[in-house]
Amino acid sequence: MSSPQSPLHLARRRAVQAVAATGAATLLLVGCGSSGSSDQGSTDKGSPSAAAAGSPAADAAGGKRTVKDATGTAVEIPAEPKRIVTLTQEDLDAVLALGLKPAGITNGQGLNEPPAYLKDKVQGIPVVGNLLQPVMDKVIAAKPDLILAGDMQDQQVLKQLREITPATLVTMAPTDDWKLSFRGIGNALNKLEQANKVIADYDAKAVKAGGELGAGKGAAVSIVRWNPTGPSWMEKKQFASGVALDMGLTRPKAQDKDGNAHTPALSLEKINEIDGDWLFLSTLTDDGKAALKDVQSKPAYQELGAVKNNHTVTVDGSVWSTRGGPLAADVVIGDIGKALAAK
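Each residue of the sequence shown is one higher than the one before, counting from 18 in our numbering.
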C-alpha cells in the first residue's frame, strides 16, 4: 500500500515481513521466466521460478502468463491485460507511467479523491473505493481482467477480489523499494523493458537535477510529515528520501538511518530531530495541517535552523509520504530543484 502509515498499520506491515520477504523480486523473477512475453529475459529451466511459469505452449495458446506476486503466490494473468484496476496510487502511478489507462482506481492516500499530481491523467476513470478499501460492487462494475492490489494484507478482501478475477496480484512487499515494485508491475503488464527504461531515465534525471542545485548540492534535507500528534521524519529508504539521495543530497545526522517508513510522532522536546539544511514538510489530513499551523508559532519550531534560514518548504503529503512511483518521483525532483536551485 502507500507508505508511510499510522504506527498501528506500520506494526501490522512489519508483522508480515517474513511472509512477504520475497516481495516484488519474486513477481519480477518468475514473470521473466514466463513465455508469452517478447521483452523479458529467461531463467534457468531447472529453477523453481521457471517451473512456476508454466509451459510455453499453454501460455502462448491461452494468452496467459504466470507470475508470482509479492507474497510468493503463483497467479495466472492475461498476457496483455486490457482492464486493469489499481488499488493504490503506487499501482496507478506505475500503470500510467507505462502508458496504460486503468479501468478503475482508488482515491489517494489520506484523500477522498485521486492524488492531485495524477488528476489530469485520470479524468473519467471510475473510482472504486479508497486506498486499499475497494467497494466490491464498483470493482465488479469495472470488469477487471487484472487487479493490482498493492501491499494488501487483508486475506478476506483478497479472497473477494480473486472471486471477481483470479488475476489479482499483491504487487508490493513491506520492504520493497519503489523501483523494485515498479519493475514487478512492469513485468506483470508485459512491459518490463519499458519499465527498465523509465527507471534508467529517472536515474539520469535525478543525477542531472542534483548537479544543477548550485550551493544546494549535497545539502542535508529533512523530510517530515506532520501528524495531529506531532512530526515524523522519514527513514532513508522511504520513497522521497531515496529520491533525495539519488540527487546526491544527504540526510541530517539524526535521520541518517535505514528503513522505508517513518518514526513515531515526536514531542516538542525532540523537535530538533527534524532540523536540517532544508526542511520539507507535508501533511495528510486536516488535523495534521492544523497541528502544523499551531506549532509554527511556538519557540521550539522557530528556533530550528531551517526555519531561521527560511529553508522550509511545504510539499504534497500524498506524494512525499507514500511509497511512490516514477511520476511521483518526478514531482519530488521538481520540488527539490525548485527550492534549492532558487537559493
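By construction, the Cβ of each residue, glycine as well, lies at the ideal position given by its N, Cα and C atoms.
Closest by C-alpha distance to residue i, when choosing among the options
i, options, result
"residue 219", "120, 256, 343", "343"
"residue 339", "121, 134, 263, 236", "134"
"residue 85", "156, 228, 227, 190", "190"
"residue 156", "138, 330, 178", "178"
"residue 319", "332, 282, 296, 89", "296"
"residue 229", "272, 358, 112", "358"
"residue 331", "306, 346, 150, 315", "306"
"residue 117", "224, 316, 138, 326", "138"
"residue 271", "252, 231, 207", "252"
"residue 192", "165, 98, 254", "254"
"residue 166", "101, 277, 197", "101"
"residue 290", "273, 299, 107", "273"
"residue 114", "215, 164, 244", "215"
"residue 328", "294, 136, 202", "294"
"residue 302", "175, 232, 104, 130", "130"
"residue 304", "128, 136, 213, 201", "128"
"residue 136", "106, 175, 326, 309", "106"
"residue 200", "313, 309, 112, 103", "112"
DSSP beta-bridge partners of residue i
i, result
"residue 251", "279"
"residue 297", "240, 330"
"residue 150", "147"
"residue 128", "Residue 128 is not bridged to any residue."
"residue 81", "95"
"residue 102", "121, 164"
"residue 186", "165"
"residue 339", "DSSP output for residue 339 lists no bridge partner at all."
"residue 267", "237"
Sequence-distant residues of the same chain with beta carbon closer than 6 Å to residue i, five excluded per side
i, result
"residue 341", "195, 256"
"residue 261", "238"
"residue 93", "81, 83"
"residue 349", "257, 260"
"residue 227", "264, 265"
"residue 424", "Because residue 424 is not part of the residues shown, which for the chain are 18 to 360, the question remains open."
"residue 346", "219, 260"
"residue 299", "242, 332, 334, 337, 338"
"residue 282", "244, 246, 247, 249"
"residue 132", "106, 125, 335"
Where the beta strand (DSSP E) through residue i begins and ends
i, result
"residue 93", "91–95"
"residue 139", "Here residue 139 belongs to no beta strand (DSSP E), and DSSP marks it neither H nor E."
Per-residue burial, residue i [other beta carbons within 10 Å of its own, 16 or more giving buried]
i, result
"residue 182", "buried"
"residue 16", "The displayed coordinates of the chain run from 18 to 360. Any statement about residue 16 would go beyond what the structure contains."
"residue 248", "buried"
"residue 171", "exposed"
"residue 285", "exposed"
"residue 311", "exposed"
"residue 141", "exposed"
"residue 335", "buried"
"residue 198", "buried"
"residue 316", "exposed"
"residue 110", "buried"
"residue 184", "buried"
"residue 150", "exposed"
"residue 108", "buried"
"residue 145", "buried"
"residue 207", "buried"
"residue 278", "buried"
"residue 168", "buried"
"residue 126", "buried"
Opening and closing residue of the alpha helix (DSSP H) in which residue i lies
i, result
"residue 109", "106–114"
"residue 207", "Residue 207 -> no alpha helix (DSSP H), and no H or E assigned at all."
"residue 319", "316–319"
"residue 173", "172–181"
"residue 306", "303–312"
"residue 323", "322–325"
Cβ-heavy atom distance, residue i to the ligand MN, below 7 Å
i, result
"residue 203", "Ligands displayed in this structure: none; no statement on the ligand MN is therefore possible."
Minimum Cβ-Cβ distance from residue i to chain D less than 8 Å
i, result
"residue 251", "Any reference to chain D falls outside this structure, which holds one protein chain only."
Sequence-distant residues of the same chain with beta carbon closer than 7 Å to residue i, five excluded per side
i, result
"residue 147", "123, 124"
"residue 292", "239, 269, 321, 322, 323"
"residue 162", "95, 98, 99, 100, 182, 184"
"residue 231", "358"
"residue 309", "243, 298, 300"
Residues near residue i in its chain [Cβ-Cβ closer than 8 Å; skip 5 each side]
i, result
"residue 90", "187"
"residue 355", "none"
"residue 143", "120, 121, 122, 155, 158, 159"
"residue 222", "347, 350"
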